[in-house]
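Okay, so here's the structure we're looking at.
Residue numbers (the numbering used here), protein chains in the order written: chain A, 28 to 454; chain B, 28 to 454.
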């Protein structure tokens, strides 16, 4: 008989679960050390007890940087088959998490199918579905609807939910007193703000936070505390609204942990490179070491069409400074919903950022892959280079399109190949 | 009558040249301050007196990060017309420097045409042309050939030359005593190493460095001191060979400055993110504040096909830490010579890195562009967003391919657009 509720509850009791064992092995980490981190909250293992197909992953201190992919059905893209194709591609490419942002149409059916087929952890933003599923006007949504939707998602097996509990009356006052260039750009956060203004109520996720925690504990849903005030442009980053909300998220984190509910904190957004390290530090301090989940950050606002690159720069810096979980950004960001191709580009760019950061923060064995590639290069072993490439198909295609003077080398240097020259000279 | 030889010579005499005036205006910098930096050597303005079409740019302390594009004719790509098309595209895209790496065929004719049409500064690696132009076997090249080629390039109007003067007997001993996974990957550096091994001579650029300086002073060629020992993989970075060579480059820098020759120092290569800042610091200390010109650095070895991204991450971090000049990296790196399309992708990725770094290091007015974009976004002014985009064509194409619920917003959020919701709620 199971003698614990959540992974955190087990960890606090000193129980090592199968889930912890799986994660520890993947991370080359002693399972007892992992258990301690889960008990403290510095590592979260989002694994809803109803998500039977899950292949669990940990997010947090000392672990490999993880990646999330967003998808889902909406009014502009109400094609579940195409979104399921994205799911298959994302799983094939080894992403650790998928967030289902569906907000229109047969959201429940889509979510259930997704959870069934996915070994990756599944996240949702229940507030989207409040509007998508109930099909009510904003002002007609009742406070109890917000919590009811979390329970529904929990029953379905969702592993983590984004909850904008920090966008309460206090946060909205701070926001109104500190004007921003871009106002609010968080979709869920802006919906909560608008709903509060329309109804006069406080944020029900904040007001009934203890009820929310009871639901999370029942299914072991990890709370991903959303940042309604995440900056939408460099001009608004690290401002009063953002930090005010972060303080609240830190307070909520302690309340969640007291009820053995696992927590992840969501973060920016857009910010200049020189602010990233301080933002990671602030999150780790104000939120007591809870895992940090960042969207980007995008280090410039001027590159629509290339935000997978602006996001890779920011994500790599954030993760190397201690962020634990990267939400992918695709070239379609700020322009349209991503296609499957956009998604692939976004996944690769984010993978590069995560891996570069894992090397920098000396995650065990992260460098092995790079050293194998260097060995293949100095051996001019092209097949091995392709096998090891992050995208073997693209690497092969590039070389196949080159006209080669010599099959050993590449067209970049031809017979002037440094590797060949030195090999010859060292004979 | 002109009373100075090089820009540095003028600066030391307290003369403000037209070239300095142009650069100071572009940089929003007081021209007297710029003159001081040129006199000290912390800023270089590569502008050969024979390059009549030049639109001068400064490289160094307090200035906007500059970008270089590599191209040129070689045995594998002996198509001057295609390379000249690359030149036109690169100039259109606003690159500040083009390095002509031609090493086979009608190199002289190509170089002359390039210099004539280019407002951007032009760099070369004369040692490539020693082999390309003289068409001799490595062992048959005479020490005097190396210097003669620099004079030839100077006469033609080349603004900066990469010279691997640091790969001398001492450096090659250090290299042999400290085995590396990837040996040497610098093309020019490996050629010098191989030539030294074959002939038994020391590096003529090192041995006759004073003669080299006289040639440079005559035309005001900026010396770009190459790093033969730049790491070719993460495993070899910041090792004895690399730092030994950097010490020599620092010594040569002082000798060059004593003869009023401007200097830029070339740097890695491949290295993990956590080593970049220390490498910039080392260069600035050991080379007395000379401008730093980096290739990448690539922060992981595993992403052939995406090295414009690994290079953008490294370049952004390097430039924000004080590197002054980024050599672009294209997706074709490690695979083949870049096509025009590869070049475009490389330029945009490098531009993003340079701009993100300029924001981070608070280069005057760098943020204006971003703030204008944020303003356009909050106004949902799509035409303005496209005008401001780093690549308006790609941004437009992305949006045109989306099916839109509403022309105001984008398909990412549709009617759930945060910007619209908040605007409504704030009414």
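Heads up, the beta-carbon is just placed ideally off N, CA and C, and yes, glycines get one too. Treat the numbers as computed from the prediction; the structure is a model and nothing was measured.
Residues in its own chain within less than 7 Å of residue i by CB, not counting five upstream and five downstream?
i: residue 201 of chain A; result: 267, 268, 271
i: residue 313 of chain A; result: 273, 274, 277
i: residue 365 of chain A; result: 357, 359, 373
i: residue 402 of chain B; result: none
i: residue 174 of chain B; result: 231, 235, 238, 239, 242
i: residue 306 of chain A; result: 265, 294, 295, 298
i: residue 244 of chain B; result: 32, 33, 286, 287, 288
For the beta strand (DSSP E) that residue i lies in, which residues bound it at each end?
i: residue 84 of chain A; result: That residue, residue 84 of chain A, is in no beta strand (DSSP E); it is neither H nor E in DSSP.
i: residue 97 of chain A; result: 93-98
i: residue 150 of chain B; result: 148-151
i: residue 17 of chain B; result: Residue coverage of chain B in this structure runs from 28 to 454, which leaves residue 17 of chain B outside it and unanswerable.
i: residue 126 of chain B; result: 124-127
Our contact map puts residue i next to residue j with C-beta atoms below 8 Å; I'd like the distance itself, whole angstroms only.
i: residue 190 of chain A; j: residue 235 of chain A; result: Incorrect: roughly 11 Å between the Cβ atoms, too far for contact.
i: residue 128 of chain B; j: residue 98 of chain B; result: 7 Å
i: residue 363 of chain B; j: residue 429 of chain A; result: 3 Å
i: residue 441 of chain A; j: residue 103 of chain B; result: 5 Å
i: residue 380 of chain A; j: residue 353 of chain A; result: 6 Å
i: residue 251 of chain B; j: residue 320 of chain B; result: 6 Å
i: residue 344 of chain A; j: residue 376 of chain A; result: With a Cβ gap of about 14 Å, residue 344 of chain A and residue 376 of chain A do not count as contacting.
i: residue 390 of chain B; j: residue 407 of chain B; result: Residue 390 of chain B to residue 407 of chain B, Cβ: 29 Å. No contact.
i: residue 437 of chain B; j: residue 426 of chain B; result: 7 Å
i: residue 324 of chain B; j: residue 303 of chain B; result: 6 Å
According to DSSP, residue i sits in a beta bridge with which residue or residues?
i: residue 250 of chain B; result: B:188, B:290
i: residue 6 of chain A; result: Absent from the model: residue 6 of chain A. The displayed extent of chain A is 28 to 454, so no value can be given.
i: residue 71 of chain B; result: B:86
i: residue 101 of chain B; result: B:104
Between which two residues does the alpha helix (DSSP H) carrying residue i extend?
i: residue 38 of chain A; result: 34-40
i: residue 216 of chain A; result: 214-226
i: residue 385 of chain A; result: 367-387
i: residue 183 of chain A; result: 170-183
i: residue 410 of chain A; result: 409-415
i: residue 341 of chain B; result: 334-347
i: residue 268 of chain B; result: 267-285
i: residue 397 of chain A; result: 395-405
i: residue 448 of chain B; result: 445-453
i: residue 207 of chain B; result: Looking at the DSSP string, residue 207 of chain B is not in any alpha helix (DSSP H), and its letter there is neither H nor E.
i: residue 194 of chain B; result: Unbroken run through residue 194 of chain B: none, as it is neither H nor E.
Compare the C-beta of residue i with all C-beta atoms of chain A and state if any pair is closer than 8 Å.
i: residue 251 of chain B; result: no
i: residue 311 of chain B; result: no
i: residue 125 of chain B; result: no
i: residue 337 of chain B; result: yes
i: residue 138 of chain B; result: no
i: residue 284 of chain B; result: no
i: residue 429 of chain B; result: yes
i: residue 326 of chain B; result: yes
i: residue 448 of chain B; result: yes
i: residue 301 of chain B; result: yes
What residues in its chain sit with their C-beta under 8 Å from that of residue i, if we drop five residues either side in the sequence?
i: residue 80 of chain B; result: 142, 143, 144, 145, 146
i: residue 255 of chain B; result: 191, 193, 194, 198, 211, 213, 215, 216, 217, 219, 220, 272
i: residue 412 of chain B; result: 400, 403, 404, 422
i: residue 150 of chain A; result: 73, 95, 124, 125, 126, 127, 185, 186, 187, 188, 189, 251
i: residue 415 of chain B; result: 396, 399, 400, 403
I'd like to know if residue i contacts chain B, where contact means its C-beta is closer than 8 Å to some C-beta of that chain.
i: residue 425 of chain A; result: yes
i: residue 209 of chain A; result: yes
i: residue 382 of chain A; result: yes
i: residue 201 of chain A; result: no
i: residue 401 of chain A; result: yes
i: residue 331 of chain A; result: yes
i: residue 45 of chain A; result: no
i: residue 264 of chain A; result: no
i: residue 221 of chain A; result: yes
i: residue 188 of chain A; result: no
Which same chain residues end up closer than 6 Å to residue i when comparing Cβ atoms and leaving out the 5 residues on each side of it in sequence?
i: residue 184 of chain B; result: 75, 77, 78, 142
i: residue 387 of chain A; result: 347
i: residue 113 of chain B; result: 98, 367, 370
i: residue 419 of chain B; result: 413
i: residue 64 of chain B; result: 70, 88
Looking at the C-beta of residue i, does it have a partner C-beta in chain E at a distance below 8 Å?
i: residue 111 of chain A; result: Absent from the structure is chain E; the protein chains it does hold are A and B.
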